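*Asks:* One structure follows; several queries about it will come next.
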Amino acid sequence: MLKQTPLNARHREANAKLVDFSGWEMPIHYGSQIEEHHIVRTDAGMFDVSHMLPVDLKGEGARDFLRRLVANNVDKLQSTGKALYTCMLHEGGGVVDDLIVYFLNESWFRLVVNAGCADKDIAWMETQRDRLAPGLALTPRRDLAMIAVQGPKAAEKLWQAMPGTRDLAAPLKPFNAVVVGDMFIARTGYTGEDGFEIMLPAKAAPFFWQALLEAGVKPCGLGARDTLRLEAGMNLYSQDMDASTTPLESGLAWTVDLKSERDFIGKDALLRLPRNRQLVGLKLLDRGVLRGHQKVLTSQGEGEITSGSFAPTLNASIALARVPAGVNLGDTVEVEIRDKRLRALVVKYPFVRNGKALV
3 MLKQTPLNAR HREANAKLVD FSGWEMPIHY GSQIEEHHIV RTDAGMFDVS
53 HMLPVDLKGE GARDFLRRLV ANNVDKLQST GKALYTCMLH EGGGVVDDLI
103 VYFLNESWFR LVVNAGCADK DIAWMETQRD RLAPGLALTP RRDLAMIAVQ
153 GPKAAEKLWQ AMPGTRDLAA PLKPFNAVVV GDMFIARTGY TGEDGFEIML
203 PAKAAPFFWQ ALLEAGVKPC GLGARDTLRL EAGMNLYSQD MDASTTPLES
253 GLAWTVDLKS ERDFIGKDAL LRLPRNRQLV GLKLLDRGVL RGHQKVLTSQ
303 GEGEITSGSF APTLNASIAL ARVPAGVNLG DTVEVEIRDK RLRALVVKYP
353 FVRNGKALV
């Protein structure tokens, strides 16, 4: 039986199309995925992301443990509420999961992991905790719901829905969070637009959802979330990276700290492995639609699309693709689509940011 978020009844009332997503019954759209995509680019939309899992790490030595656990350097987290995007690696350098780490105090960090990886992530973290820092407490927070409000008017409509949060949350810069009563408000997102991800008690989620509706925030499904994140050049676990790929070949070198003397799980492998693959953006020049697993033919050898779709903001088909390291921006490659070879231009991503086309 599929798991349900605290907002499942709300989705059904809105006649959402519900699908199985990583074992959760989730809305893919509420009528038009394209319209939902444009709402987020031009106004404000909200997503139920309660299938994702917050995990509280508490105890003395929490920072030292995270120094070993993740590839990015948690010493960057010095102010309360500051967030850090990072990958958690296995010893071979492959990605166990990508996640966000929030710093609350030296004895309390909050991690948010992906729905499809939650069980294995907890098992992995517990194994490493037992080995490196057995005194720490790891607590999955399934008692919390999570709602993302995204778009250029997200802040304006969030304050309208929850005016009591404005004074504390309005000053937040991107990748910062604040605790307001029972709510945890972070200025983060997965769309390339301004916005917030709000964690709150599960029982309060339907009331908050209704307040957002009354403020004019439109419900959006996971279909629009995927085209938005692709336009924003953001990786999706199990497509653009996984346990068989390293962050260095997944466009995530910026999340890996190899300069400091700090050791972390997977560092030795990253230093040792050849860097012969890279993640690039593609924009299709011919008619068609780019999709995951399509073969990419380049002058340097073969590659593969990891994520591809029609991009509503650009009115074009785009993709992320893992190709040989010698492929350069501006190169023209070919993509095998059914029995045809279609031309695509290698471009720098993100493709869209803050509503503006960049390619």
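With the working numbering, letter number 308 in the sequence shown gets 310, and the count goes up by one each step, no holes.
Backbone N, C-alpha and C define an ideal beta-carbon position, used for all residues, glycine too.
Since we're looking at a predicted model, the values are computed, not measured.
Classify residue 256 as buried or exposed, calling it buried when 16 or more other Cβ atoms lie within 10 Å of its own Cβ.
*Replies:* Residue 256 comes out exposed.
*Asks:* Quick one: Cα of residue 17 to Cα of residue 134, how far?
*Replies:* So the two alpha carbons sit approximately 48 Å from each other.
*Asks:* DSSP on residue 22, reduced to helix/strand/coil?
*Replies:* Strand, per DSSP.
*Asks:* Could you have a look at residue 48 and say whether DSSP puts it in helix, strand or coil?
*Replies:* Reduced to three states, the DSSP call for residue 48 is strand.
*Asks:* Identify which residue in 119, 97, 336, 51 has its Cα closest to the Cα of residue 252.
*Replies:* For residue 252, the nearest C-alpha among the options comes from 97.
*Asks:* Using 8 Å as the cut-off, can you tell me whether the segment 54-72 makes contact with the segment 107-114, which would need three or more C-beta pairs spanning the two stretches below that distance?
*Replies:* In short, these stretches touch, since the Cβ pair count reaches three.
*Asks:* Report the partner residues of residue 334 according to the DSSP bridge assignment.
*Replies:* Its beta-bridge partners are 347.
*Asks:* Are the beta-carbon atoms belonging to residue 82 and residue 101 less than 8 Å from one another?
*Replies:* Going by C-beta atoms, residue 82 is not nearer than 8 Å to residue 101.
*Asks:* Can you name, in chain order, every residue of its own chain whose Cβ lies under 7 Å from the Cβ of residue 39, other than the five neighbours on each side?
*Replies:* Once the five neighbours on either side are set aside, the close Cβ partners of residue 39 are 226, 229, 230, 314.
*Asks:* Reducing DSSP to helix, strand and coil, say where residue 31 ends up.
*Replies:* Residue 31: strand per DSSP, three-state reduction.
*Asks:* My output table needs one value for residue 36: the three-state DSSP class, helix, strand or coil.
*Replies:* Helix.
*Asks:* Measuring alpha carbon to alpha carbon, tell me which of 175, 139, 189 ends up nearest residue 149.
*Replies:* Answer by Cα proximity: 189.
*Asks:* Going by CA-CA distance only, name the one from 216, 95, 80 that's closest to residue 72.
*Replies:* Comparing Cα positions, the closest option is 95.
*Asks:* With three or more beta-carbon pairs closer than 8 Å as the criterion, would you say the segment 293-301 touches the segment 122-132?
*Replies:* The segment 293-301 is not in contact with the segment 122-132.
*Asks:* Measure the C-alpha to C-alpha separation of residue 192 and residue 43 and round it to an integer number of angstroms.
*Replies:* So the two alpha carbons sit approximately 12 Å from each other.
*Asks:* Going straight from the alpha carbon of residue 217 to that of residue 64, what length do you get?
*Replies:* Each residue's alpha carbon lies about 39 Å from the other.
*Asks:* Can you tell me where the beta strand (DSSP E) with residue 303 in it begins and where it stops?
*Replies:* Note, residue 303: beta strand (DSSP E), 303-313.
*Asks:* Are residue 24 and residue 117 touching if we call contact CB-CB under 8 Å?
*Replies:* A contact, by the Cβ cut-off of 8 Å.
*Asks:* Please name the residue, chosen from 311, 179, 104, 223, that lies closest to residue 235 on a Cα-to-Cα basis.
*Replies:* Nearest C-alpha to residue 235: 311.
*Asks:* In this structure, does DSSP put residue 266 in helix, strand or coil?
*Replies:* Reduced to three states, the DSSP call for residue 266 is coil.
*Asks:* Threshold first: 3 residues or longer. Then list the beta strand (DSSP E) segments lying entirely within the segment 39-118, N to C.
*Replies:* You should have 47-50, 55-60, 85-91, 97-107, 110-115.
*Asks:* Would you kindly work out how many angstroms separate the C-alpha atoms of residue 19 and residue 13, rounded to a whole number?
*Replies:* Computed Cα separation, rounded: 8 Å.
*Asks:* Please determine, among 267, 284, 295, the residue with the shortest C-alpha to C-alpha distance to residue 75.
*Replies:* Out of 267, 284, 295, 267 has the C-alpha closest to the C-alpha of residue 75.
*Asks:* Name, in chain order, the residues that DSSP records as bridge partners for residue 197.
*Replies:* According to DSSP, which records beta bridges pairwise, residue 197 is partnered with 152.
*Asks:* Quick one: using the 10 Å Cβ neighbour count with 16 as the cut-off for buried, is residue 334 buried or exposed?
*Replies:* It counts as exposed.
*Asks:* Mapping DSSP to helix, strand and coil, what is residue 177?
*Replies:* If DSSP states are grouped into helix, strand and coil, residue 177 belongs with coil.
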